[in-house]
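Enquirer: For reference, the structure I am asking about is given below.
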C-alpha cells in the first residue's frame, strides 16, 4: 500500500506570495491532518479534515487554510507569506477522524522557504 | 504551547547500549504516542499507549505511562546506529466540552545519537 505523498517536496517563495501544498493520504484513509514544524516552535497542529470538512483547527492565523476533496486528497494554502512561515509542512493521514485516537501516518513533508 | 516535553533534549550513547527518553505532559489525555523522525523527514509512528495502559512493548521498544505523574518513558534496548533520530512524544488531549479535539500535541523531541 502506498504511503502518504506530499507535493512538492521543496519550495522557495517570496514574501507576500501565496502557496498551495498537496497531500494524498493512504488509500482508504479519510482523515488528513496538517502540521508545521520549525526549529523554534517544534511541531504544531494546523488543522484536520475528515469527509471534506474541517474538524479541528490549531492556533494559526486565517492566512492558513485548507480543503479536502471527495477522494480524501487535501491541500493547504498559505496566503501573504511571511518569513516566519518557512518550515517543514507535514501531512498525516488516519483511518478515522480524531487525530489522536489512532496512529497517524506521515508524509515526507514539504520544505517551504520564504525569502 | 507545548503539551509534551521530552527529556533529555539530546542523548548520545554507544551502539548496543539502552536508550531511555522521558516525556512529561500537562493535561489529561486519551492516549500518548511516540514517533521517530530521521533528519527532517516525515515522522514514523512507533507505539501508541492508551490512558488505561501502563506498559507496552513493540520489538526493542518499551513504553511506560504513569498518568498520576503525567509522564511516559520510551526505552530502546540494544541500540543500533539506525536508531539515530529524533524521538517525539505526542498526546491527544481529552475532548473539550462541546466536542472536538485539539489535534496531536508534540514535544520538542529528544535527539538520539548512536555512536558505532
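Chains as they are written, first to last, in this note's numbering: chain D, 1 to 115; chain G, 1001 to 1116.
Each residue gets a CB set at the ideal place from its N, CA and C atoms; glycine is no exception.
Can you tell me which of the three DSSP states residue 1081 (chain G) falls into?
Expert: helix
Enquirer: Where do the N-terminal and C-terminal ends of the beta strand (DSSP E) with residue 1057 (chain G) fall, by residue?
Expert: 1055 to 1058
Enquirer: Is the CB-CB distance between residue 22 (chain D) and residue 67 (chain D) below 8 angstroms?
Expert: Going by C-beta atoms, residue 22 (chain D) is not nearer than 8 angstroms to residue 67 (chain D).
Enquirer: Taking residue 1056 (chain G) and residue 1063 (chain G) to be in contact with their CB atoms under 8 angstroms, please state how far apart those CB atoms are, rounded to whole angstroms.
Expert: About 5 angstroms separates the two Cβ atoms, so the contact holds.
Enquirer: Got a sec? Which residues, its chain only, sit under 7 angstroms from residue 1060 (chain G) by beta carbon, not counting five neighbours each side?
Expert: Counting only Cβ-Cβ distances below 7 angstroms, and skipping sequence neighbours, we find 1076, 1077 and 1078.
Enquirer: Please determine, among D:4, D:95, D:83 and D:58, the residue with the shortest C-alpha to C-alpha distance to residue 112 (chain D).
Expert: D:83
Enquirer: So residue 1134 (chain G) and residue 1011 (chain G) are supposed to be a Cβ contact under 8 angstroms. How far apart are they, rounded?
Expert: Past the boundaries of the shown model lies residue 1134 (chain G); chain G is included only from 1001 to 1116, so the question cannot be answered.
Enquirer: Does any residue of chain G have a CB that is nearer than 8 angstroms to the CB of residue 17 (chain D)?
Expert: Against chain G, the CB of residue 17 (chain D) has no partner CB under 8 angstroms away; the residue lies outside that interface.
Enquirer: Given that a residue counts as buried once 16 or more other Cβ atoms are within 10 Å of its Cβ, and exposed if not, what is residue 55 (chain D)?
Expert: buried
Enquirer: Under the assumption that residue 77 (chain D) contacts residue 18 (chain D) (Cβ atoms under 8 angstroms), give the Cβ distance between them as a whole number of angstroms.
Expert: Taking a contact as a CB-CB distance under 8 angstroms, the pair residue 77 (chain D) and residue 18 (chain D) counts as one, their CB atoms being some 6 angstroms apart.
Enquirer: Only counting the same chain, and skipping five residues up and downstream in sequence, which positions put a Cβ closer than 7 angstroms to that of residue 1008 (chain G)?
Expert: 1110
Enquirer: Are any of the Cβ atoms in chain G nearer than 8 angstroms to that of residue 56 (chain D)?
Expert: yes
Enquirer: Contact between the region 56 to 65 of chain D and the region 4 to 13 of chain D: three or more CB pairs below 8 angstroms?
Expert: No, because fewer than three Cβ pairs between the region 56 to 65 of chain D and the region 4 to 13 of chain D fall closer than 8 angstroms, the two stretches do not touch.
Enquirer: Strictly under 8 angstroms for the Cβ-Cβ distance: is residue 1054 (chain G) near chain D by that measure?
Expert: For residue 1054 (chain G), the answer is no, since every Cβ of chain D falls outside 8 angstroms of its Cβ.
Enquirer: Taking residue 1067 (chain G) as the reference, give the member of G:1041, G:1030, G:1019 and G:1114 with the closest Cα.
Expert: The shortest Cα separation from residue 1067 (chain G) among G:1041, G:1030, G:1019 and G:1114 belongs to G:1030.
Enquirer: Given that a residue counts as buried once 16 or more other Cβ atoms are within 10 Å of its Cβ, and exposed if not, what is residue 1019 (chain G)?
Expert: Around the beta carbon of residue 1019 (chain G), 16 or more other beta carbons lie within 10 angstroms, which makes this residue buried.
Enquirer: Measuring alpha carbon to alpha carbon, tell me which of D:37, D:14 and D:12 ends up nearest residue 91 (chain D).
Expert: D:37
Enquirer: Going by the CB atoms, is the gap between residue 88 (chain D) and residue 1107 (chain G) shorter than 8 angstroms?
Expert: no
Enquirer: Rounding to the nearest angstrom, what Cα-Cα distance links residue 3 (chain D) and residue 34 (chain D) in this structure?
Expert: 15 angstroms
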